[in-house]
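For reference, the structure is listed below as structure tokens.
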Amino acid sequence: MVGYIGPNGAGKSTTIKMLTGILSPSHGTLRVAGIDPSRERTRLAQHIGVVFGQRTTLWWDLPLIDSYQLMRRMYRIPDARFRANLDRCVELLDLSALLPVPVRQLSLGQRMRGDIAAALLHDPAVLYLDEPTIGLDVVSKAKVRGFLRDLNAEAGTTVLLTTHDLQDIEHLCKRVMVIDHGRLMYDGELAGLHEIGESERTLVVDLEEELPPIAVDGARVVRTEGPRQWLAFPASASAAPLVTAVASAYPLVDLSVREPDIEAVIAKMYADRATLG
Amino acid sequence: MVRLYAAVAAGGFRRYATYRMATAAGVFTNTVFGFVMAYTYSALWDARPRLGGYDQPQALAYVWIGQALFAASALFGGGFEDELIARIRTGDIAIDLYRPVDLQLWWLAGDVGRALFQLIGRGVIPMALGALAFDIALPGSPLTWLAFLLAVFLGFVVSFAVRYLVALSAFWLMDGAGAAQVASLSGMFFTGMLLPLNVFPGLLGEIARALPWSALLQIPADIYLGTHTGWGLVRAYAFQGGWALALLAVGRLLQMVATRRVVVQGG
Chain S
0 MVGYIGPNGA GKSTTIKMLT GILSPSHGTL RVAGIDPSRE RTRLAQHIGV
50 VFGQRTTLWW DLPLIDSYQL MRRMYRIPDA RFRANLDRCV ELLDLSALLP
100 VPVRQLSLGQ RMRGDIAAAL LHDPAVLYLD EPTIGLDVVS KAKVRGFLRD
150 LNAEAGTTVL LTTHDLQDIE HLCKRVMVID HGRLMYDGEL AGLHEIGESE
200 RTLVVDLEEE LPPIAVDGAR VVRTEGPRQW LAFPASASAA PLVTAVASAY
250 PLVDLSVREP DIEAVIAKMY ADRATLG
Chain R
0 MVRLYAAVAA GGFRRYATYR MATAAGVFTN TVFGFVMAYT YSALWDARPR
50 LGGYDQPQAL AYVWIGQALF AASALFGGGF EDELIARIRT GDIAIDLYRP
100 VDLQLWWLAG DVGRALFQLI GRGVIPMALG ALAFDIALPG SPLTWLAFLL
150 AVFLGFVVSF AVRYLVALSA FWLMDGAGAA QVASLSGMFF TGMLLPLNVF
200 PGLLGEIARA LPWSALLQIP ADIYLGTHTG WGLVRAYAFQ GGWALALLAV
250 GRLLQMVATR RVVVQGG
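Keeping their order, the protein sequence lines are chains S and R. Sequential numbering of the first sequence, starting at 0, is according to numbering that gives the first Met the number 0. Sequential numbering of the second sequence, starting at 0, is according to numbering that gives the first Met the number 0.
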């Protein structure tokens with residue numbers, strides 16, 4: 000499962016449009032499952048599933064189940080396989096009560112689950128998700144994420160996920176690609192993004208009394224508030240020696256370590272690029 | 000293939016069937032307009048008997064055929080057209096484009112479903128009421144009815160093909176509302192919805208009768224009235240079929256160009 004992120008206008012949706020064959024690239028070539036998308040759009044369609052978070056593939060005025068019956072005809076899905084896939088989606092995405100409901104009456108979260116099921120009935124090898132959690136509440140987000148994780152693990156479906164919600168990425172993706180203005184800025188593990196971004200973890204210490212900012216090697220105090228102080232240190236370094244150093248030199252009551260915020264890392268990346276550009 | 004497009008047509012039918020109030024309102028509107036026009040035509044044909052070659056019952060039949068086909072054959076435009084324009088404008092067209100279907104056939108099938116519903120839902124009642132309230136010409140033979148229905152279908156396909164072109168213009172114009180309005184006005188005039196085309200004098204009449212819009216109402220009405228029989232009937236069908244094929248082909252060409260080089264809007 001690959002996370003594909005970038006600021007608004009970076010070219011994420013354009014990439015998906017090229018990968019589905021709706022747009023053809025002005026330079027270079029691309030292949031999806033060995034197929035040139037823009038030349039063989041119809042053949043490719045059998046192998047891919049697409050969910051645009053802000054659009055729906057479902058028939059607006061008709062019951063949800065009608066759209067699925069249409070997918071069955073459109074992708075010529077054999078009856079047994081259609082049954083099995085539909086049953087699985089209905090169960091995992093909690094759709095059974097929604098099948099007879101006209102799509103226009105569904106909530107955004109329900110509609111999104113309905114759209115995801117619609118994209119999967121023909122067993123696509125690749126699934127593109129363009130902001131699948133946009134506008135969803137926490138519960139709906141959790142449902143969608145849980146389903147996608149299982150899908151990736153069990154069916155082995157390749158998932159390309161674009162999103163502004165970095166929590167989606169943190170929950171779902173091992174590999175992340177960051178683009179800006181159509182240029183690839185990072186491609187690798189999520190963890191590696193922290194190193195590139197020189198991100199820092201934070202050690203929060205509670206002392207017995209209010210003290211001036213403490214001095215320890217490998218960290219600097221970024222904030223104090225009464226007896227509590229915040230120390231920033233590189234995300235790649237271990238917290239253990241730092242804790243020992245603080246505990247031996249100062250009256251320590253309590254401590255906690257805060258992981259770096261991926262949003263901060265990416266915001267920094269965009270900002271750096273903006274100043275360079 | 001056939002089953003897919005049959006399913007799309009069935010969906011189009013049921014979509015419109017869900018809006019019962021809209022259908023009732025449409026029946027009411029068509030009936031009221033039918034009465035207004037029927038009285039106007041009565042006055043006109045009293046003053047000028049056999050105007051355009053019709054006697055009064057034929058002229059009145061023409062009025063009610065117009066009302067019956069108004070929604071089904073989208074004489075003033077509309078139907079799928081507005082929806083497709085909106086999808087192009089908002090970028091939702093992206094969804095239609097990655098599917099393993101043919102765009103033109105997809106929309107044609109959906110619109111066939113819509114037209115079939117509206118012919119039954121919005122056509123039959125006004126026509127029946129008109130026949131009860133006025134002395135209108137009725138075909139003597141069931142074969143004439145069949146010939147009429149075939150002409151209605153061919154006229155509908157021409158109507159679809161014109162509206163498809165109008166809708167695709169939204170790829171270039173970004174907003175198809177202007178084009179739709181022009182097409183709607185042309186439809187109002189050149190379908191013969193206001194006045195039968197054979198009433199139009201001279202060159203204007205010649206042109207109006209040669210344009211594709213005359214396939215929508217004028218030709219089906221004349222077949223209903225028994226004007227075209229034998230080879231005349233074949234010629235009328237050929238005229239409709241010819242325009243249908245030509246316009247569908249242009250639509251296909253335009254669709255190819257549009258999907259190849261036009262930007263799909265929205266992120």
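The C-beta atom is built at its ideal place from N, Cα and C for all residues, glycine as well.
query	result
Limits of the alpha helix (DSSP H) - the one that Gln104(S) falls within	Unbroken run through Gln104(S): none, as it is neither H nor E.
Bridge-paired residues (DSSP) for Arg110(S)	Paired residues: none, contrary to the question.
Cutoff 8 Å: Val100(R) Cβ touching any chain S Cβ	yes
Cβ neighbours of Phe199(R) in the same chain (closer than 6 Å, five flanking residues each side left out)	Ala207
Cβ-based neighbour list, Pro48(R), same chain, cut-off 8 Å, excluding 5 preceding and 5 following	Asp54 and Gln55
Strand pairing of Thr201(S), partner residues [DSSP]	Ala231(S) and Arg257(S)
Contacts that Ile21(S) makes with chain R (C-beta to C-beta distance below 7 Å)	Ala93, Leu96, Tyr97 and Val263
Cross-chain neighbours of Ala118(S) in chain R, by beta carbon under 8 Å	Within chain R, no residue comes near Ala118(S); the closest Cβ sits about 10 Å away, beyond 8 Å.
Spatially closest choice to Leu216(R) from Gly52(R), Leu74(R), Val256(R) and Ala16(R), by CA coordinates	Leu74(R)
Same chain, Cβ closer than 7 Å to Asp114(S), neighbours up to 5 away in sequence not counted	Val50, Thr55, Thr56 and Leu57
Top-ranked residue by Cα proximity to Val252(S), from Phe81(S), Arg227(S), Met176(S) and Val31(S)	Arg227(S)
Ile15(S) versus Glu194(S), Gln109(S), Tyr185(S) and Val158(S), residue with shortest Cα-Cα distance	Val158(S)
Straight-line gap, Leu149(R) to Arg148(S) (C-alpha atoms, nearest Å)	54 Å
Reference Met255(R); option with closest CA among Val175(S), Gly2(S) and Ile21(S)	Ile21(S)
Residue-level contact to chain R via CB, Ala44(S), 8 Å cutoff	yes
Bridge partners - Ile178(S), DSSP secondary structure assignment	Leu183(S)
Inter-stretch contact at 8 Å, needing at least 3 Cβ pairs: the stretch 2–9 of chain R / the stretch 216–223 of chain S	no
Spatial distance of Leu128(S) from Gly122(R) (CA atoms)	44 Å
is_contact[Phe81(S), chain R] using C-beta, thresh 8 Å	no
Met73(S) at chain R interface by Cβ criterion, 8 Å	yes
Secondary structure of Glu188(S), DSSP reduced to three states	strand
Proximity test, Cβ basis, 8 Å: Leu329(R) and chain S	Because chain R here runs from 0 to 266, residue 329(R) falls outside it and cannot be looked at.
Straight-line Cα distance separating Ala243(R) from Ala136(R)	29 Å
Start-to-end residues for the beta strand (DSSP E) that takes in Arg222(S)	Arg219 to Glu224
Amino acids of chain R, ordered along the chain, whose beta-carbon sits closer than 9 Å to that of Thr132(S)	Here the premise fails: no neighbours, minimum Cβ distance about 16 Å.
Between the CA atoms of Val151(R) and Ser72(R) - distance to the nearest angstrom	8 Å
Short Cβ contact (8 Å threshold) for Thr162(S) with Ile4(S)	yes
Chain R contact for Asp65(S) (CB, 8 Å cutoff)	yes
Arg13(R) at chain S interface by Cβ criterion, 8 Å	yes
Ordered list of alpha helix (DSSP H) runs contained in the stretch 44–79 of chain R, each at least 4 residues	55–71
Expected contact under 8 Å - CB spacing of Gln117(R) and Ala70(R) to nearest Å	4 Å
Cross-strand partners of Ile4(S) (DSSP beta bridge)	Val177(S)
Buried or exposed by the 16-neighbour rule on C-beta atoms within 10 Å, applied to Gln104(S)	exposed
C-beta neighbour in chain R for Thr201(S), strict 8 Å	no
Positions along the stretch 17–43 of chain R whose CB lies within less than 9 Å of some CB in chain S	Thr17 and Tyr18
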